[in-house]
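Below is one structure, written out as structure tokens; comments come after it.
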Amino acid sequence: MDKVQDNRAWFLIIPVFLIVAFSAVIPLMTVVNYSVQEIFGPGQTFFVGTEWFEVVLADERLHDALIRQIIYSLAVLAIEIPLGILIALGMPGGRSAKTSLTLVLLALPLLIPFNVVGTIWQIFGRGDIGLLGATFRAIGIDYNYTNNSLDAWLTVLVMDVWHWTSLVALLCYAGLQSIPPAFYQAAKIDGASKWAVFRYIQLPKMRGVLIIAVLLRFMDSFMIYTEPFVLTGGGPGNSTTFLSQYLTQMAVGQFDIGKAAAFSIVYFLIVLLFSFIFYTIITRTGEGEKK
Amino acid sequence: MATIQFDNLGHSYHPHPTRPEDYALRRLSQEWEDGKAYALLGPSGCGKSTLLNIISGLLVPSEGRVLFDGLDVTRCTPEERNIAQVFQFPVIYDTMTVYENLAFPLRNRKVPEADVDRRVRQVAEALDLTADLKKRAQRLTPDAKQKISMGRGLVRSDVAAILFDEPLTVIDPHTKWILRRKLRQIHEEYRLTMIYVTHDQVEALTFADKVAVMYEGAMVQLGTPQELFENPLHTFVGYFIGSPGINLMPCTLGNDHALVDGIPIPLPDRAVPAVGGKFELGIRPEFLELTRSGSAGSIPVQVTGVDDLGTSKLATVRLGSHTLKARLSEEQEIPALDAAIRFPTRWTKLYRDSHLVG
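Protein chains in written order, with the working numbering: chain D, 476 to 766; chain A, 9 to 366.
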């Protein structure tokens, strides 16, 4: 049979092509386009090559923000992942009212919008009317997120832990529930300690969900914007100015479009790089090329 | 190794059991000998897993006691009883190698590393796992994984008993046969007390020295495969063991005979009081004799079908309103018109309310 030449099949992929183009490719290319130009106003643009990238990479404030960001994200992971696992291990199993209640309580923080979380903590931490701030003041702890950098930084961190540990716990809980009871019985019979059960049964079985949890929490915390913005707007000083804050100041505050675009691309690559590193580490340690 | 005793043991998942049906395991007093291979046989839901979990210590019985070598262990954990158990589906530690998997129960018990190595290699040898010792357990086939599960049970030389909970379910028929032989060999070599739960009569009969048949939570008979076959104490044993199972017919009692649809069938000499309950007459197809009518003690029947099974023939006959099966040798001729059957009194069993009375 002769092959029928019919190019009309191309029409079938047009919808997908258009959607991807408008949702991803065109915006991204616009950013790339901006990043290589100096823009003074509509119609007044000059090609500047890689100049913006050089400026961005040499920017001291950006370096500070990046270091702050990395420390913050690692702190988020270091607290939320172990805490989430612990909570999941302590949760009741099976189908009971207790289980449902625990699940609902855990899911509650996840339902609250970011800026509301920020507002809650902003009020909660105030020394005059906030429960937390007032309590600290009453027992003599000097806590003030508006002019103490460390306090502000810790508040943002605790806020994130409060908001998102539930997600890690729920993911881990799902992983734990998928372990058949025979595994625990066998471990009991093999005389395994609680630690050994965790190390050789629970942790390996949670690996899949932990990859997701680490990646989600990393990417999310690396792009944190709303909470510090609501709390102190990035202050005091620059102590809670993370990458997103700085980017927004640059793009919206100073209208430095070219520089901000170059920054966005660098930012994107950093997130991608870190995610790749985490993914590789976790999958490797699981598979472990022990030969 | 240990002798296992059940003292008035019973278990119910109900908080306040009253009727016998409330019990997952009905009252039981028995002694299982040291170093023997036992099989727990019965259909799903008959209580065999309940009994196994009580023996292993995963479940505390609601009534009675379990004794190992005379010592009350009813409330002891599996570790304290020193039990090994192999489950239906392979349980392996994914992140460990086969060697580490086998060594795990020993290392947890702080056995010196030299002994660990010796035992692991012995067991691996016995189960044909030597070539895989360095591989990660996760990468193996399901039957290799199940072998590892078994190996973890066998690796401890000092266990009181090894329990197998339908361990060959996931294994293909050929490997199944080999593994069962292996277990049997290991049993003969080390004289371990082994308890094997299964719903497959062939598995139970080929593996065990003694088979305990369970039915609706009760242990209806404990005996050697031969005893179960020749002298089933309960109609369920007759029906469950053997293929096809025992022929059963409701009957009434005469002086020294039973009446099935008004046809007298001679009974063994033992006198049976003709009181109470529902009587049934049973005979295994293997023992039912097919002859020509006219010979002494024979009852004329109609042959309705013959199945040639290759090594034997299975005849289906009608006696009154009942259909009976008779297993015959390949050579035996089957009379077409004037067929008759004879019930050898030695093999004719009388049951009252399902229990053997004569």
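Built from N, CA and C at the ideal position, the CB exists for glycine as well.
Distances from the alpha-carbon of MET227 (chain A) to those of A:GLN146, A:THR201, A:GLN13 and A:LYS56 put A:LYS56 closest. Looking only at A:GLY313, A:VAL314 and A:PRO308, the smallest Cα-Cα distance to LEU327 (chain A) is reached by A:PRO308. For GLN720 (chain D), the enclosing alpha helix (DSSP H) stretches over residues 718-723. Within chain D, the C-beta atoms nearer than 9 Å to that of PHE97 (chain A) come from PRO655 and ALA657, in chain order. For the pair of segments examined, the region 695-702 of chain D was found not to touch the region 485-505 of chain D: the number of CB pairs separated by less than 8 Å stays below three. With contacts defined by Cβ atoms closer than 8 Å, GLY72 (chain A) and ASP15 (chain A) form a contacting pair.
The three-state reading of DSSP puts GLN38 (chain A) in strand, counting E and B together. The three-state secondary structure of MET104 (chain A), taken from DSSP, is coil. A straight line joining the alpha-carbon of THR319 (chain A) with that of SER303 (chain A) spans about 27 Å. The alpha helix (DSSP H) runs of length 4 or more contained entirely in the region 650-691 of chain D are, from start to end of the chain, 656-664 and 669-672. For MET257 (chain A), the three-state secondary structure derived from DSSP is strand. For ALA47 (chain A), the enclosing beta strand (DSSP E) starts and ends at 45-49.
Of all alpha-carbon atoms in D:ARG601, D:LEU558 and D:PRO567, the one lying nearest the alpha-carbon of THR707 (chain D) is that of D:ARG601. Contact check for ALA145 (chain A) against VAL106 (chain A) passes: the beta carbons are separated by less than 8 Å.
If the five residues before and after THR260 (chain A) are omitted, its C-beta is found closer than 6 Å to the C-beta atoms of LEU267, all from its own chain and listed in chain order.
When Cβ-Cβ separations below 8 Å define contact, PRO69 (chain A) makes no contact with chain D. Pairing ILE654 (chain D) with ILE676 (chain D) gives a Cβ-Cβ distance under 8 Å. For GLN677 (chain D), the nearest beta carbon of chain A is not closer than 8 Å to its own beta carbon. Annotation: ALA662 (chain D) to VAL672 (chain D) spans about 7 Å, alpha carbon to alpha carbon. For THR324 (chain A), the uninterrupted beta strand (DSSP E) segment begins and ends at 320-327. A contact is defined here as three or more CB-CB pairs under 8 Å, and the region 350-358 of chain A fails this definition with respect to the region 310-317 of chain A.
Residue burial is scored here from C-beta neighbours: PRO517 (chain D) has fewer than 16 other C-beta atoms within 10 angstroms and is therefore classed as exposed. Rounded to the nearest whole angstrom, the C-alpha separation of ASP346 (chain A) and ASP264 (chain A) is 27 Å. Inter-segment contact for the region 91-103 of chain A and the region 161-176 of chain A is present: three or more beta-carbon pairs are separated by less than 8 Å.
Annotation for ASP42 (chain A): MET9, ALA10, THR11 and THR201 place their beta carbon closer than 7 Å to its own, counting only its chain and skipping 5 residues before and after. Taking the beta carbon of GLN193 (chain A) as reference, no residue of chain D falls within 8 Å; the closest one sits roughly 23 Å away. In the DSSP assignment, LYS155 (chain A) falls within the alpha helix (DSSP H) that extends over 150-162. Using a CB distance cut-off of 8 Å, ASP695 (chain D) does not count as an interface residue toward chain A. When Cβ-Cβ separations below 8 Å define contact, ALA132 (chain A) makes no contact with chain D. Considered as a whole, the region 42-98 of chain A harbours 56-64 and 86-89 as its complete alpha helix (DSSP H) runs of no fewer than 4 residues, in chain order. Using beta-carbon distances, GLN660 (chain D) counts as an interface residue toward chain A, with a partner under 8 Å. Around the CB of PRO656 (chain D), fewer than 16 other CB atoms lie within 10 Å, so the residue is classed as exposed.
Residue-level contact check: ALA671 (chain D) touches chain A, since one or more beta carbons of chain A fall below 8 Å from its beta carbon. By the criterion of a C-beta distance shorter than 6 Å, PHE244 (chain A) is surrounded in its chain by TYR223 and VAL228, once the five residues flanking it on both sides are discounted. For VAL311 (chain A), DSSP records a beta bridge to A:VAL325. Under the three-state reduction of DSSP, PHE515 (chain D) is assigned to strand.
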